[in-house]
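For the sequence shown, the working numbering gives the first residue as 121, with consecutive numbering after it. Note that beta-carbon positions come from the ideal geometry of N, C-alpha and C, so glycine has one too. Computed from a prediction, not measured in an experiment: that's the story for all the values here. Notes follow once the structure below has been shown.
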Amino acid sequence: MKANLEALPLMKGIQKLNTPLTRLEHIGPKRASLMAGKGIRTVLDLLFLTPIRYEDRTCIYPVDRVPDGGPRLVKGTVVYGKEEIFRSSGKRIFRIVVKGAESTLECIWFNYRKPYLRRFASKGTEVVVFGSINKGPGKGQTYHPEINHYDPEICEANLGFYPVYPSIPGISPGLMRSTVGKALNAYLPELVDPVPEEVRKRLSLPPLAEALRNVHFPSRQCPVDELKIRKTAFHKRLLFDRFFLAMLIIAYRKRSRGGKKGPAFQVPSRWEEDMRGFLGFELTNDQKMAARDIAEDLRRASPMNRLVIGDVGCGKTVLAAVAAYICAKNGGQMALMAPTQVLARQHFDFFLGLPEEMDLRPILVTGKLKEAERRDINEKIRKGCYNVIIGTHILAGQSITYSDLGLVVIDEQQRFGVKQRARMDRKGDSPNQLVMTATPIPRTLALAVYGDMDVSVIREYPAAHRPPLTELVRPEKKRVVFQRLVEALSSGQQAFVICPVIEGSEEQDIKSAGDMASRLAQVLSPRFRIGLVHGRMGQEDVDKVMAEFKEGRIDLLVGTSLLEVGVHVPKAQIMVIEHPERFGLAQLHQLRGRVGRGDQRGSCFLMLSEGLPEVSRERLKVLVECSDGFEISEKDLEMRGQGEFFGMRQSGIGELELQELLDESDLLRRARSEAEGLIDSDPELKNPLYGPLRVLLDAVLSKPVDI
Ligand code: ADP
Ligand code: MG
């Protein structure tokens, strides 16, 4: 489970724990600002910062019986303790040797405070040491252990599982733990539990305060196996909250929209022929079916709420055009939200290219506009001069007022969650919504996560669509690919090189995007222009580079998986992916969908790493043999089940992560049925027992979107 900070904006609505950290003992402005750097600003943030793992300090071993590995607590008597200086190098170490009945444990420090260690160095001192042990015959070794005097009472009192938090430079783990402990003691009594007791009891989940206390400081009786994977009842309770709140919004939204009666659109009787003329091509059968679903939804009085799931390249954008056409014919405005600026511009170009008879007046809203320009555009949107408004989530922001928002289209759904959908409801009078995604998720999950929507699926590709030829390349064949790359660039084509990490990583053999870009620049510049994009760049810089690539001012783009979302660059024909085993299959499929979008068939080279296990190669072979995104993602899920940990993507579906949904689908199902039951019995959550939930829901629905 990831740190629970995500759920916090929700919780803040009902909690009085937005107290600054400086209220806590030993936390002054300096430490507070170090913590703020990691997003921990208030006591509430701290309480919801779930430990990333636990140290097992539940038991003290005698030197003779401590098992290999660890880290563990070991008790013994000091027989030797001294600082030692190597004559040759002048380097210093501190060595303390602790003895049991038959064997010894050698503790070694390279960096240390001498006066501190000297306190334990004299012969006969009883000490307790905490560290990972390398055992040899008759002798064990540990580097940089913690060391303390052995006092039976204190030691006994301190036994337990110790939480380990994400590290914050300048804040020691011990200080972090004691600060969390103090925050729990002082503030837990004030915590409001938003989940109604009846729900909690039915699911045998502990109260929120108890869950938080135990997630931070598990009791000694806590089952170690559950704790290791962070799946105790207490962890479950925190996860349940995230599921439950998301499902509650879905249930609420479904109910409130279902009951709405909006003005029904008139659908032009010859819309199908019209569209063929406008687009200049025939829709595929699946596109036609989805388009008819959409037309049918729009004709009804209750607002459309449709999700279109279709693989990369299946042609989802034209469906937005169909919807825009019908909406415009009825005098309504459409807002089209894309996850990135580059995609927004791509859609804008597409809409600009549509014939005038469609009566579409598109405008691109970007974050970069000058104040006067922005005001002018907003004014024109408010007056209805534009009827296709394209942008990123800025479109849901407070600054834009629509004259008559009849339709909202959200492209590449995975970056938007139910919260965004819910907020757009309030931008107009529950406008029609069309959501388009390329993330194929299993049906059972889809039902839960998109439970507030009707679904159309596109499985067919336009005839012209040919997924890139995909090849697994052995390390010794590297040069051949490089040759191909240079030839392609020389003939005026463009290419991508994808790496799994951004900068030189701790694992030395992993090629990073940064290094790759500079190495390629060394050999290929100035003949070819090399660009670099990755997730740590600001959105504006990413947009700039992407735009340059799209306009052909960059020939070769090096990047991370950031590139997976639907950018269309017709001249990009080659993609080289380094360490493909580190990506999920579905993700690789999305990535390769970026090439060969012009008239030529693209090529994708999966560069196998040295010494890659056979199973990983087998897994990647799926991509060579199969080009259907749905099939690939099903295989991906199957194979992950076999303990494949490479390239596991933390693919988000709005606020929730695919992996946690898969792992805990039962909890999700129960959260969903509880949420639905609650909304069925009390649609407005009027019962005072549901007060905190009501506040949370309101906070979500009315909260201005952070931009
Ligand atoms: P995606 O579903 O990945 O968003 P797009 O909407 O970007 O796919 O479409 C991919 C390409 O296929 C575009 O160039 C689009 O013009 C083209 N296309 C879409 N539908 C058809 C069709 N029915 N016949 C021919 N080309 C199509
Ligand atoms: Mg698209």
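Item                                                                                                                               : Value
K670 Cβ short of 7 angstroms to ligand 2 heavy atom set                                                                            : no
Which residues DSSP lists as bridging H269, in chain order                                                                         : V247
T197, DSSP secondary structure in three states                                                                                     : strand
Beta-carbon proximity of T521 to R502, cut-off 8 angstroms                                                                         : yes
Straight-line gap, A492 to L456 (C-alpha atoms, nearest Å)                                                                         : 23 angstroms
Opposing strand residues paired with I288 [DSSP bridges]                                                                           : I291
Sequence-distant residues of its chain with Cβ nearer than 7 angstroms to K255 (five each side left out)                           : D188
Extent of the continuous beta strand (DSSP E) run through G651                                                                     : I650 to V653
First and last residue of the uninterrupted alpha helix (DSSP H) at S747                                                           : Unbroken run through S747: none, as it is neither H nor E.
F471 vs V508 beta-carbon contact at 8 angstroms                                                                                    : yes
Of the residues D531, G679, T559 and L166, the one placed nearest I283, counting alpha carbons only                                : Residue identity check: residue 283 is Pro in the sequence provided, not Ile. P283 has its Cα closest to that of L166, out of D531, G679, T559 and L166.
Buried or exposed (CB count within 10 angstroms, at least 16 for buried), H336                                                     : buried
Beta-carbon separation (whole angstroms), L484 vs I510, contact threshold 8 angstroms                                              : 5 angstroms
Segment contact flag, the segment 563-576 with the segment 366-380, C-beta cutoff 8 angstroms, min 3 pairs                         : yes
Close Cβ partners of Q234 (< 8 angstroms) along its chain, the five nearest in sequence each way excluded                          : Gln is not the amino acid found at residue 234; the sequence shown has Lys there. Once the five neighbours on either side are set aside, the close Cβ partners of K234 are E203 and F214.
Residues near L323 by beta carbon distance below 8 angstroms, same chain, minus five either side                                   : F360, R790 and E794
Beta-carbon proximity list for V601, same chain, < 8 angstroms, skipping 5 on both sides                                           : V593, V696, F725 and M727
Extent of the continuous beta strand (DSSP E) to which L677 belongs                                                                : L676 to G679
Residue burial classification, D417 (beta-carbon count within 10 angstroms, cutoff 16)                                             : buried
Chain C contact for L821 (CB, 8 angstroms cutoff)                                                                                  : No chain C appears in the structure shown, which is made up of a single protein chain.
Local conformation of I172 per DSSP, three classes                                                                                 : coil
Local conformation of A448 per DSSP, three classes                                                                                 : helix
Three or more C-beta pairs below 8 angstroms linking the segment 313-323 and the segment 143-153                                   : no
Contained alpha helix (DSSP H) runs [length at least 4] in the segment 353-398, N- to C-terminal order                             : 353-378
Terminal residues of the beta strand (DSSP E) in which K259 lies                                                                   : K259 to Y263
Heavy atom of ligand 1 within 7 angstroms of P582 beta-carbon                                                                      : yes
Inter-residue spacing [alpha-carbon to alpha-carbon] between Y236 and P316                                                         : 51 angstroms
Cα-Cα separation, Y232 to L164                                                                                                     : 35 angstroms
Nearest candidate by alpha-carbon position, reference T191, set R357, L788, V248 and A516                                          : Note that residue 191 corresponds to Pro in the displayed sequence, not to Thr. Nearest option by C-alpha distance: V248.
Same chain, Cβ closer than 6 angstroms to V577, neighbours up to 5 away in sequence not counted                                    : I429
Own chain partners of F766 with C-beta closer than 6 angstroms, once the 5 adjacent residues on each side are dropped              : Summary for F766: the model assigns pLDDT 28, below 50, so the residue's position carries little reliability, and this model does not support an answer.
Cβ-Cβ distance between Y445 and P482 below 8 angstroms                                                                             : no
Residue range of the beta strand (DSSP E) that includes L726                                                                       : S723 to M727
Beta-carbon contacts of E226 that lie in its chain and below 6 angstroms, excluding the five residues immediately before and after : V217 and Q261
Cβ-based burial, D531 [other Cβ within 10 Å; buried from 16]                                                                       : buried
Three-pair Cβ contact test at 8 angstroms for the segment 166-176 versus the segment 269-283                                       : yes
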